[in-house]
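Counting in the numbering used here, the sequence shown runs from 1112 upward without gaps.
Just so you know, even glycine gets a beta-carbon here, dropped at the ideal spot from N, CA and C.
A quick note: this is a predicted structure, and the numbers were derived from the prediction, not measured.
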Amino acid sequence: MRALPPQSTIVGLACAAVAAATPWNGARACTAVDFRAADGAVVAGRTMEWAFEMGWTLASFPKGSPVTLAAPPGLKLPAHATTTRHAVVGICPASPPGCPLLEGQNAAGLTMSGNFLPGFTEYQSVGPGDTRYVSILSFGLWALGGHASVAELRAALPGIRVWSDASLAPGQAPPTLHFVFVDRTGAGLVVEYVKGELRMHDNAAHVLTNAPTYDWHLVNLRNYLNLTPVGVPGVRIGSADVTALGQGGGMLGVPGDFTPPSRFVRTAFLVRHVTPPADAEGAIQAVGHVLDDVDIPRGVAQGREGGGLVDDYTQFVVIKDLSRNRLLIADHAHRLTFLTLDLDRIFAQPTPASVRIADLPYPAAIDGTRALLR
């Protein structure tokens, strides 16, 4: 991994540098899930869908990395320099300097996934009397670098104002996000900023997609109470015995499109009914299978943007073993060959580093020909 610029450069540079060509606010199709295995192991994962090449970067921030907590520049409030209490490995787009994290996990076993919430997100205002504040572009590192658990983060969030820069030029909108945090106890927290207020929800469904807000998605599940993993084997109609064509009939009515509400319903059903994993390895497999159901190949989820057709597709998938500090990752070009990272070794590094996800040394497919050669 190559050296990473100090994260403190993000405030004052990143807000002004989010180019119009980087469409933060498109209706992107991300999905996050988590499982707690029978032995207590916790594994979380997410897909990242996007319609534009973002230069996704995997970056490490050692314990003690600088974080600058700044207010909107027009207020002329003092910036506060702090450092991370926990080492962090995360993922950010290439365009804003400083690597604003949309995904990551820390050495204490707390993970974050940021999913887009366009049309609903309105961050907090910062006034002259406020003393604690952080830009949304620094929020990810502040949260993961400074907190060991969901409980710690839940207690800290009401005490800090999270803002976006209203001075950005037209076409340079800041990211509109909601977040899911999971720790190695299995506790989950969804964090949203709506109408300028902080909203926190227990992640009861162990699922997060995109818009609308989390509470809306939970209410929408009431429309699908009929879904069941057990199908009807057959019925008698007059003198005819009509039998099922195959298993899975109990899922008739599951929405199959890639909109956020449909992905939430489909994923929540799978998370609820998948055979409970026994251990971390089983939980990794469960996360992988569930996320496969929302994987988007190129060309099947299109929309009009900027005068032309663009298509969302799954640009990367990460699976995070929070109990053993491991991360598995695959990008669109290596979807069948996950790369595994031992994060304990990376967390122990004294200096930051980064690498493009596309440049990771993915393993080649294994040739199984010899199994049938005699």
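Taking the beta carbon of Ser1224 as the centre, do at least 16 other beta carbons fall within 10 Å, making it buried, or is it exposed? buried
Between Thr1179 and Arg1374, is the Cβ-Cβ spacing less than 8 angstroms? no
Cα separation between Arg1415 and Asp1422? 9 angstroms
Residue range of the alpha helix (DSSP H) that includes Asn1331: Tyr1325 to Asn1331
Mind checking who Val1291 pairs with in its DSSP beta bridge? Ser1224 and Val1301
Mind listing, in chain order, the continuous beta strand (DSSP E) runs of no fewer than 3 residues lying wholly within the segment 1153 to 1240? 1153 to 1161, 1168 to 1172, 1177 to 1180, 1191 to 1194, 1199 to 1203, 1214 to 1217 and 1222 to 1227
I need the boundaries of the alpha helix (DSSP H) containing Leu1381, first residue and last residue. Pro1371 to His1384
What did DSSP end up calling Asp1470 once you bin it into helix, strand or coil? Note: Asp1470 maps to helix in three-state DSSP.
Cβ of Pro1387 within 8 angstroms of any chain D Cβ: Within the model displayed, chain D is absent; a lone protein chain is all it includes.
Using a Cβ distance threshold of 8 angstroms, determine whether the segment 1300 to 1307 contacts the segment 1258 to 1270, with at least three qualifying pairs required. yes
What does a CB cutoff of less than 7 angstroms around Asp1455 pick up in its chain, not counting 5 residues either side in sequence? Asn1436
Give me the DSSP bridge partner(s) of Tyr1244. For Tyr1244, which the question treats as bridged, DSSP gives the partners Arg1272.
Measure the C-alpha to C-alpha separation of Pro1183 and Asp1406 and round it to an integer number of angstroms. About 38 angstroms.
Between which two residues does the beta strand (DSSP E) harbouring Gln1413 extend? Gln1413 to Glu1416
Does the segment 1223 to 1238 touch the segment 1162 to 1171, meaning 3 or more C-beta pairs lie closer than 8 angstroms? no
Own chain partners of Gly1123 with C-beta closer than 6 angstroms, once the 5 adjacent residues on each side are dropped: Low confidence applies here, because Gly1123 scores a pLDDT of 30, under 50, leaving its location unreliable; read the following figure in that light. Excluding positions up to five away in sequence, the list is empty.
One or two residues paired with Met1311 in a DSSP bridge: Val1302.
Are the CB atoms of Val1401 and Val1144 nearer to each other than 8 angstroms? The answer is yes: Cβ separation under 8 angstroms.
Check whether Asp1390 and Ala1155 have beta carbons under 8 angstroms apart: no
Taking just the CA atoms, how far does Thr1242 sit from Gly1393? Looking at the two C-alpha atoms, the distance is approximately 46 angstroms.
If you draw a straight line from the alpha carbon of Asp1470 to that of Asp1352, how long is it in whole angstroms? 58 angstroms
Boundaries (first-last residue) of the beta strand (DSSP E) holding Val1421: Gly1419 to Asp1422
In angstroms with no decimal places, state the Cα-to-Cα distance between Ala1218 and His1197. 6 angstroms
Ala1316 by DSSP, collapsed to three states: which one? In the three-state DSSP reduction, Ala1316 falls in the coil class, being neither helix nor strand.
Beta-carbon contacts of Ala1205 that lie in its chain and below 8 angstroms, excluding the five residues immediately before and after: Met1165, Gly1166, Trp1167, Thr1168 and Arg1467
Cβ pair Pro1189, Ser1249 closer than 8 angstroms: Annotated as distal: Pro1189 and Ser1249, with beta-carbon spacing of 8 angstroms or more.
Closest to Phe1290 by CA distance: which of Thr1296, Ala1322, Lys1174 and Ala1259 is it? Ala1322
Look at the alpha carbon of Tyr1335 and the alpha carbon of Glu1233, and state the distance between them as a whole number of angstroms. 30 angstroms
Just to confirm, is the Cβ distance from Thr1158 to Leu1228 under 8 angstroms? no
Is the segment 1365 to 1372 close to the segment 1339 to 1346, with three or more CB pairs under 8 angstroms? Result no; under three Cβ-Cβ pairs closer than 8 angstroms.
For Val1343, does the count of other Cβ atoms within 10 angstroms reach 16, so buried, or fall short, so exposed? It counts as exposed.
Beta-carbon contacts of Cys1203 that lie in its chain and below 7 angstroms, excluding the five residues immediately before and after: Thr1168, Ala1170, Cys1210, Pro1211, Leu1212 and Leu1213
Applying the 10 Å Cβ sphere with the 16-neighbour rule, what's the burial state of Lys1431? buried
Nearest by alpha-carbon distance to Asp1478: which of Thr1448, Leu1252 and Leu1288 is it? Of the listed residues, the one whose Cα sits closest to Asp1478 is Thr1448.
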